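Participant:
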Amino acid sequence: MKETKWEENVILVDADYVDKVAFDLIVNFERMIGRRIPKADMAQWLECVALDGGLREGDHQTQVVLLHKQPKMEYFSPGLPEELDGKAFKGPLGEILISCVKVEDLTTMDDLFVDSMQVLANAKEVKRLIVVPNAEQIYNKVREGLRHADEEKRITVLAMQPMEGGNFRQEILGYSLMAALGIKSEELNGLS
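Sequential numbering from 1 applies to the sequence shown in the numbering used here.
As structure tokens, this is what we get:
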């Protein structure tokens with residue numbers, strides 16, 4: 001069996017969940033700010049997530065793993081696995097390489113996510129791990145799965161609200177999605 005070579009920086013995403021959250025934000029904010037909101041810009045979102053995970057400008061390599069059951073991410077551009085898988089882009093944070101992994105019927109999204117997260121948390125070459133799980137559904141499994149992670153690793157979990165406990169950093173998922181959807185803070189000032 002061929003061993004996978006991981007980069008120092010890895011982002012693991014439940015793509016179906018993130019797509020659902022993007023839809024919810026689009027529906028709610030279109031109503032609140034009174035304008036059409038375009039699909040989320042995938043590259044911008046991934047850069048925001050990397051920043052949330054502590055990555056700063058430089059010549060870094062970041063590997064992104066998008067786990068999905070759905071045929072595409074409806075509320076992201078690009079959103080088709082064939083448009084994203086094996087592709088990369090370069091920005092202020094370095095090169096971001098994207099892999100799309102379809103969740104087959106042999107397992108569930110939750111089980112594959114937790115198993116993948118644990119493999120990445122234990123991979124010696126991974127120094128920074130950013131995970132975007134369906135925290136509302138599997139947060140306890142995520143917290144338990146990261147309990148024995150290497151203390152030297154910088155691990156960040158993105159969720160829609162602060163979650164209790166865990167030996168990792170937490171960031172709010174909605175902020176990076178709002179940036180990728182083009183929602184500006186000025187548009188929100190004055191809303192009550």
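We put the beta carbon where it would ideally sit given N, CA and C, even for glycine.
Remember, it's a predicted structure, so these values are computed and weren't measured experimentally.
Tell me which same chain residues have a C-beta within less than 6 Å of the C-beta of F76, skipping the five on either side of it?
Facilitator: Answer for F76: K39, A40, M42, listed in chain order.
Participant: Does DSSP put Q137 in a helix, a strand or coil?
Facilitator: Here Q137 sits in helix by DSSP.
Participant: According to DSSP, is V126 helix, strand or coil?
Facilitator: Of the three classes helix, strand and coil, the one that applies to V126 here is coil, per DSSP.
Participant: To which residues of the same chain is D210 closer than 6 Å at the C-beta, ignoring the five residues directly before and after it?
Facilitator: Examination of residue 210 is not possible in this model, given that the chain is present from 1 through 192 alone.
Participant: Name the residue from E125, K5, V21 whose alpha carbon lies nearest to the alpha carbon of E136.
Facilitator: Among E125, K5, V21, the Cα nearest to that of E136 is on V21.
Participant: By alpha-carbon positions, which one of Q61, G86, K141 ends up nearest to G165?
Facilitator: It is K141.
Participant: So L12 and V131 are in contact, right, with Cβ under 8 Å, and what is the actual spacing, rounded?
Facilitator: With 8 Å as the limit, L12 and V131 qualify as a contact, their Cβ atoms being about 5 Å apart.
Participant: Once DSSP output is grouped into helix, strand and coil, what is the label at M1?
Facilitator: At M1, the pLDDT of 44 sits below 50, so the modelled position is not reliable; the number obtained from the coordinates is stated separately. Coil at M1, not helix or strand.
Participant: With distances taken from CA atoms, which of G54, S176, I138, H68 is nearest I98?
Facilitator: Ranking G54, S176, I138, H68 by Cα distance to I98 puts H68 first.
Participant: Quick one: what's got a C-beta closer than 7 Å to M109's C-beta in the same chain, skipping five residues either side?
Facilitator: For M109, where only same-chain residues beyond five positions count, the Cβ hits under 7 Å are D14, D16, L67, K69, V103.
Participant: Assuming D19 and M73 are in contact, meaning their beta carbons sit under 8 Å apart, how far apart are those beta carbons, in whole angstroms?
Facilitator: With 8 Å as the limit, D19 and M73 qualify as a contact, their Cβ atoms being about 4 Å apart.
Participant: Along the chain, where does the alpha helix (DSSP H) that runs through R31 open and close?
Facilitator: Here the alpha helix (DSSP H) through R31 covers 15-33.
Participant: How should T107 be labelled, buried or exposed, when 16 other C-beta atoms within 10 angstroms of its C-beta is the threshold for buried?
Facilitator: By the 10 Å Cβ count, T107 comes out exposed.
Participant: Does the separation of the CB atoms of K127 and E47 fall below 7 Å?
Facilitator: Against a cut-off of 7 Å, the Cβ pair of E47 and K127 comes out as no contact.
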